[in-house]
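Okay, structure first, notes after.
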Amino acid sequence: MSELAAWAIALLALAVAGHAAWHMLRDVPFSNALFYSVAALEVVLIGLLVTGSIALSRSDGDVDGVLFISYLLTQVVIPPAAVLWGVAEKSRWGTGVVVVAMLTVAVLCARLHGIWEGTVV
């Protein structure tokens, strides 16, 4: 997993978190625009899951495969769960959940790179 890809995806997750935070602060309900930004991140995360799994199968390095795959899968599961919660909760805290979820995805992505490199982030 390249460092550039890890940080680019983490920055994308932070941008989506900023978009959700804007909704939350302005007390705007979950919108189509926010849904599409989370969906775009989800597509990127699914791509990361596929490429990360392929890279792990071809890697000769000392990577903990179970931990690496579990982080990849967790990243893919978090955005849809946050969207479901965000849509169901009609108050500003519905989008607050999306903010926290996207921040979590950003941290998981940084940690994923650390697992791949064999370092602690």
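Okay, so the sequence shown: first residue is 26 according to this note's numbering, each after it adds one. Think of the CB as a built atom: it goes at the ideal place given N, C-alpha and C, for glycine as much as any other residue. Owing to the predicted nature of the structure, the values given are computational and were not obtained by experimental measurement.
Between residue i and residue j, is the Cβ-Cβ spacing less than 8 Å?
{"i": "Ala42", "j": "Leu137", "result": "no"}
{"i": "Leu97", "j": "Gly72", "result": "no"}
{"i": "Val122", "j": "Ala135", "result": "no"}
{"i": "Ala45", "j": "Val124", "result": "yes"}
{"i": "Ala131", "j": "Ala35", "result": "yes"}
{"i": "Leu133", "j": "Gln100", "result": "yes"}
Which term fits residue i, buried or exposed, when burial requires 16 or more other beta carbons within 10 angstroms of its beta carbon?
{"i": "Tyr61", "result": "exposed"}
{"i": "Gly143", "result": "exposed"}
{"i": "Gly111", "result": "buried"}
{"i": "Ile79", "result": "exposed"}
{"i": "Pro104", "result": "buried"}
{"i": "Val63", "result": "buried"}
Quick check on DSSP: helix, strand or coil for residue i?
{"i": "Val146", "result": "Low confidence applies here, because Val146 scores a pLDDT of 48, under 50, leaving its location unreliable and the question unanswered by this model."}
{"i": "Arg51", "result": "coil"}
{"i": "Met26", "result": "coil"}
{"i": "Ser78", "result": "helix"}
{"i": "Gly43", "result": "helix"}
(message) So, does the region 57 to 70 touch the region 86 to 94, judging by three or more C-beta pairs under 8 Å?
(response) Between the region 57 to 70 and the region 86 to 94 there are fewer than three C-beta pairs closer than 8 Å, too few to call the two in contact.
(request) Could you tell me whether the region 117 to 133 touches the region 42 to 51, using the rule of 3 or more Cβ pairs below 8 Å? (result) Judged by Cβ distances under 8 Å, the region 117 to 133 makes contact with the region 42 to 51, as three or more pairs qualify.
(request) Can you check the region 98 to 139 for any alpha helix (DSSP H) of at least 4 residues that lies completely inside it and give the ranges in chain order? (result) The region 98 to 139 contains no whole alpha helix (DSSP H) run of 4 or more residues.
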